[in-house]
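Those letters in the sequence shown? Residues 598 to 1180, by my numbering.
Built from N, CA and C at the ideal position, the CB exists for glycine as well.
All figures in this text were calculated on a predicted structure; none of them were measured in a lab.
What follows is one structure encoded as structure tokens, with my remarks underneath.
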Amino acid sequence: MAMSIEPAHQRIQILPELLANQIAAGEVIERPASVVKELLENSIDAGATDIRIDIGSDGVGMIRVRDNGHGIHKDDLELALLSHATSKIRQQSDLYHITSLGFRGEALSSIASVAQFQLTSRLQGADQAWQIWKDPFSSANELLPASHPVGTTVEVKNLFYATPARRKFLKSGKTEFLHILEMVRRIALSRFNISIRLLHNDKQQFHCRVDQADPGNLIKSVMGSEFGGNARRLDFVAGDMRLWGWLGTAAMSRSQMDRQYFYFNGRMIRDKHINHAIRMVYSDALLPGRYPIYVLYLEAPPTAADVNVHPTKHEIRFKRARDVHDFVYTTLKQTLDQELYSVADTGGIAGGGDEPESISTFLRSPGGDEIREQPHYYRLLSVMGHAGIDNADMTALGLPLVQLHDRFLVAKRDKDYLLIDIHQARRHLIRSKMSTVSDAAPARDRPLLVPVSMPVAVADADLVEKYCHMLNRYGMTLTRHAPAVIVIRTIPAFMPEVELQPLMRDILAVFKNAQDQQPLHEPLVAVFEAHACDGLPGKLAMSEILQLLHALAASGVDTGATDCPGVWTTLAIDTLARLLATT
Ligand code: ADP
Ligand code: MG
């Protein structure tokens, strides 16, 4: 069947400029708040330090933004309203190190295609201000002299009157104003050197003043003093990245994601890698449906990300997304888990105060009933009653049967049962490893994917500088990054995954107590031993148990001995039976 198609519909035409701009406006100007965003960004790009926003009724009727920026040249006023007209980039290579918020040259032309538009500006050094007026339905745009101080005022009236379909999507005036208010908050948090005022029908609704003395005051005034006073401050540097800001604790969480501000080089962004990292940081601390609050600033060279991937530039593309993710995760995790510390307020080695139970106390404890409560007990019974024991799991210390109390291991060696203290075994391994290394033959190190930087007291950073060479032989590398910042670059390969901040705190305590000429070996061994056990998961996987037993055998202990003080002891079957308390 032949179809008849109007030939005229198939031919290609260039869209009229107005229509092309209206299509572009569809991407960037969604609602009154989008106009406010674009105008504020232009004011910031113009170096303004004082910005006043006036909203009439619901924002559709009138939006006016006035700034004290550098202004626009008289001859450029008309150009500024054309699409693809910008003063911010010149050539393609500029796209890769953008430092301004705008660069697409589309905002003013888009706004002027869907609303009545007036631009008044006085250039720095000019003796006169000029004004241009534009209406989507008239081609006249006359340039008139005006009175205006140095800076620019943009007035937008009757938003979307040229595109009524778009107007239908708008919510109530109150809701649209709340969107504007939120947009102003976001932008206010992005700069610490600009005072911004928002008036709604001449009533002041928001005001943040410049406060160079303490950025915390801006946070308090925009986020509230509860958050400003109690959030954890952080500031970390790794390579050419810096992450700083304020992190809300789990207790400050909310039922909405409405207080999450993340900035990359002064631009608020949403990024799935960063969101994922933050979600992971809070995953244990927050119940489903609760969301953290934060105001965070990531700084990196502009080349670290491509900002030209989204019309409103809310999304950007990081070149090394994995590194950014890991950096954000590690630093926030540390911040959430630990308070900032200083050596002065710590009581010494972690866990030193309450010595954990040992094999002997464990054996002396009445224990039976307690053990029976535990699922391990049933597993032990089933393992012991099991005929076909898997000899692939055999070690010089016998066949591991079961882990008790997250701490001890029962292994069957020939006819004997051994009770092995996992923590003491780990300590033994660390000690023997640390004793065999020397400056000439240091222990293997494990470089951190993202070096971890930590703010410390200046005196502590001095200590690090003085003593850090002592750590090199154990495979740990520290450097001083700034007067009060140290960076951990590698940790000993013999250490399991541990929390770095508490480890560092205890190393600093050793340095602090060091007397010149006194070797630091013993105190450092004690610190590493303690943390190697702190880092242990309560319950080890079979592979980890086997690894531990094989390493123990390889460390030179006499695996045939009935007793290795503190590390293991042979159990008579009736002792084991008592431990397990017959049912
Ligand atoms: P972009 O910000 O992407 O360059 P816009 O359409 O937002 O594009 O603005 C076009 C140009 O108008 C800008 O490049 C800038 O030169 C000028 N301009 C707009 N607003 C201001 C302002 N408030 N102060 C000074 N210049 C401005
Ligand atoms: Mg712009």
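Distance CB(A1129)-CB(M1092) smaller than 7 Å
In this structure, the beta-carbon distance from A1129 to M1092 falls below 7 Å.
How would you write the range of the beta strand (DSSP E) that K754 sits in, first residue to last?
Element bounds for K754: 748-754.
N- and C-terminal bounds of the alpha helix (DSSP H) containing C1130
1118-1131
Can you tell me whether I968 is helix, strand or coil according to DSSP?
In this predicted model, I968 has a pLDDT of only 42, less than 50, meaning its place in the structure is not dependable; the value taken from the coordinates is given anyway. Correct three-state label for I968: helix.
Have a look at E970 and L1137 and give me their C-alpha separation to the nearest angstrom.
Caution applies to E970, whose pLDDT of 39 falls short of 50 and renders its modelled position unreliable; the value that the coordinates give is listed next. Those two C-alpha atoms are separated by around 19 Å.
Taking 8 Å as the limit between beta carbons, can you name the residues of its chain near P742, skipping five residues before and five after?
Q725, A726, W727, Q728
Any idea which residues DSSP pairs K800 with across the strands?
H797
Would you list, in sequence order, the uninterrupted alpha helix (DSSP H) runs of no fewer than 4 residues that lie entirely inside the segment 702-784?
Listed in chain order, the complete alpha helix (DSSP H) runs (minimum 4 residues) inside the segment 702-784 are 704-711, 761-764.
If you reduce the DSSP assignment to three classes, tell me which class I956 lands in.
helix
Residue interval of the alpha helix (DSSP H) (run including F924):
918-934
For D942, which residues in the same chain have their Cβ closer than 6 Å to its Cβ, ignoring the five residues on either side in sequence?
Any answer about D942 is weak, because its pLDDT of 29 lies below 50 and its placement is not dependable; what the coordinates show is given next. Counting only Cβ-Cβ distances below 6 Å, and skipping sequence neighbours, we find nothing.
Is the segment 669-676 close to the segment 765-780, with three or more CB pairs under 8 Å?
Not touching, per the Cβ criterion.
For R976, does the three-state DSSP call read helix, strand or coil?
Because the pLDDT of R976 is 39, which lies under 50, any placement of that residue in the model is unreliable, and the question is left without a value.
Buried or exposed, going by whether 16 or more other CB atoms sit within 10 Å of the CB of L708?
For the record, residue 708 in the displayed sequence is Ile; it is not Leu. Taking a 10 Å sphere around the C-beta of I708, we find 16 or more other C-beta atoms and assign the residue as buried.
Let me know the secondary structure DSSP gives F824 once reduced to three states.
Here DSSP, grouped into helix, strand and coil, assigns F824 to helix.
So, at 6 Å on beta carbons, what are the nonlocal neighbours of R608 in its own chain, with the 5 sequence-adjacent residues on each side left out?
none
Please classify F734 as buried or exposed, where buried requires at least 16 neighbouring CB atoms within 10 angstroms.
exposed
Bridge partner(s) assigned by DSSP for Q689:
In the DSSP assignment, no residue is bridged to Q689.
Can you give, in chain order, each stretch of the beta strand (DSSP E) that sits fully within the segment 1015-1102 and has at least 3 residues?
1042-1052, 1074-1079, 1082-1089
Count the other CB atoms within 10 Å of the CB of H681; is the residue buried (16 or more) or exposed (fewer)?
exposed
Mapping DSSP to helix, strand and coil, what is I1170?
Helix, per DSSP.
Confirm the yes/no value for this check: CB of G886, any heavy atom of the ligand MG, distance under 6 Å.
Not so, every heavy atom of the ligand MG lies at least 6 Å from the Cβ.
Anticipated Cβ contact below 8 Å, L994 with A1150, distance rounded:
6 Å
May I have the straight-line CA-CA distance separating V662 from T750, to the nearest angstrom?
Spanning the two alpha carbons is a distance of roughly 6 Å.
Are the Cβ atoms of N862 and E912 separated by less than 7 Å?
no
Pick helix, strand or coil for P613, following the three-state DSSP scheme.
coil
Any heavy atom of the ligand MG within a distance shorter than 6 Å of the CB on M639?
One point to set straight first is that residue 639 is Asn, not Met, in the sequence displayed. Because some heavy atom of the ligand MG lies under 6 Å away, the Cβ of N639 counts as near it: yes.
Is A645 helix, strand or coil when you go by DSSP?
Residue state for A645 is assigned as coil, using DSSP reduced to three classes.
Are the beta-carbon atoms belonging to G641 and P899 less than 7 Å from one another?
According to the sequence provided, residue 641 is Ile. The question's Gly does not apply to it. No, they are not a contact pair.
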